[in-house]
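Numbering (this note's numbering), first residue to last: -4 to 216.
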């Protein structure tokens, strides 16, 4: 990591413990159309995807006789409300952000979430001003696993991929970062899955990552 000058964080599941909130938001919104889905379906079909893609997936999968944009709006309204009331930072994230900032790294955010969701997260977690660069896949033609949002982050940082590092939790995000040519650390309960074998580091939690970044000093004697 010595060659890196910047760290690019994913948001959902990395900065904020929102994966459960996203599942709840989707289930609540779909209930408005009389549709019931479970957590496994949410995880398998939509984790890491951009909201417009999530809405399209459900409209085809269920199937729903409605415009995906209507479902997208319903999910967005629900997720921002859930973040505002129930959102919590991932364990150890403030310490990891402080570690990189203290050592002079620039810090960026590159997420599939919309600007409204980003704003809700930054407000809830008091993280305004912590990121030098913020990129939303909403501004790109394609969401993750396309590398567009990470390529935009590199451009805004003014750095080549070789001087940056990504922290991701989802397969689609990992593939996006890899496609952008950026070394990636995976922080997730499922980090040891073979699909993440190309990661430069795999940790089950932010505190575990921090132990590697800044090993505790042992008392002499």
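All residues carry an ideal CB built from backbone N, CA and C; glycine is no exception.
Just the Cα atoms here: how many angstroms apart are residue i and residue j?
i: residue 168; j: residue 69; result: 24 Å
i: residue 131; j: residue 110; result: 7 Å
i: residue 67; j: residue 183; result: 26 Å
i: residue 54; j: residue 121; result: 35 Å
i: residue 108; j: residue 94; result: 25 Å
i: residue 98; j: residue 2; result: 11 Å
i: residue 52; j: residue 156; result: 31 Å
i: residue 73; j: residue 138; result: 21 Å
i: residue 170; j: residue 191; result: 9 Å
i: residue 195; j: residue -1; result: 13 Å
i: residue 151; j: residue 127; result: 9 Å
i: residue 202; j: residue 61; result: 43 Å
i: residue 146; j: residue 43; result: 17 Å
i: residue 46; j: residue 141; result: 14 Å
i: residue 209; j: residue 115; result: 30 Å
Where does the unbroken beta strand (DSSP E) through residue i begin, and where does it stop?
i: residue 159; result: 159 to 163
i: residue 131; result: 128 to 131
i: residue 148; result: Run containing residue 148: none in the beta strand (DSSP E); it sits in the alpha helix (DSSP H), 143 to 152.
i: residue 182; result: 178 to 182
i: residue 196; result: 196 to 198
i: residue 209; result: From DSSP, residue 209 is part of no beta strand (DSSP E); its letter is neither H nor E.
i: residue 101; result: 101 to 106
How is the alpha helix (DSSP H) around residue i delimited, first residue to last?
i: residue 79; result: 63 to 81
i: residue 18; result: 14 to 26
i: residue 2; result: Run containing residue 2: none in the alpha helix (DSSP H); it sits in the beta strand (DSSP E), 1 to 4.
Using a Cβ-Cβ cutoff of less than 6 Å, which residues in the same chain neighbour residue i once the five nearest sequence positions on both sides are dropped?
i: residue 144; result: 105, 130, 132, 135
i: residue 30; result: 57
i: residue 48; result: 138
i: residue 37; result: 18, 21
i: residue 178; result: 160, 195
i: residue 13; result: 7
Ignore the nearest five residues each way along the sequence and tell me which others in residue i's own chain have a CB closer than 7 Å to its CB.
i: residue 125; result: 92, 102
i: residue 162; result: 2, 4, 5, 9, 180, 182
i: residue 27; result: 69
i: residue 86; result: 200, 201, 202
i: residue 154; result: 0, 1
Quick one: is the Cβ of residue i within less than 6 Å of any heavy atom of the ligand MN?
i: residue 111; result: Of ligands this structure carries none, so the ligand MN is not represented either.
Can you give the beta carbon distance from residue i to residue j, rounded, assuming they're within the 8 Å contact cut?
i: residue 75; j: residue 32; result: Between residue 32 and residue 75 the Cβ distance is about 20 Å, and since that is not below 8 Å, they are no contact.
Can you tell me which of the options puts its alpha carbon nearest to the alpha carbon of residue i?
i: residue 84; options: 15, 174, 208, 0; result: 15
i: residue 59; options: 71, 200, 178, 25; result: 25
i: residue 186; options: 40, 174, 123, 197; result: 197
i: residue 40; options: 160, 165, 90; result: 165
i: residue 7; options: 88, 35, 23; result: 88
Leaving out five residues before and five after residue i in sequence, what residues of the same chain have Cβ atoms less than 8 Å from its Cβ?
i: residue 216; result: In this prediction, residue 216 scores a pLDDT of 47, lower than 50, which makes its location untrustworthy; no coordinate-derived value is stated.
i: residue 119; result: 11, 78, 79, 82
Is the Cβ of residue i closer than 7 Å to any Cβ of chain C?
i: residue 130; result: Of the protein chains in the structure, only one exists, and it is not chain C.
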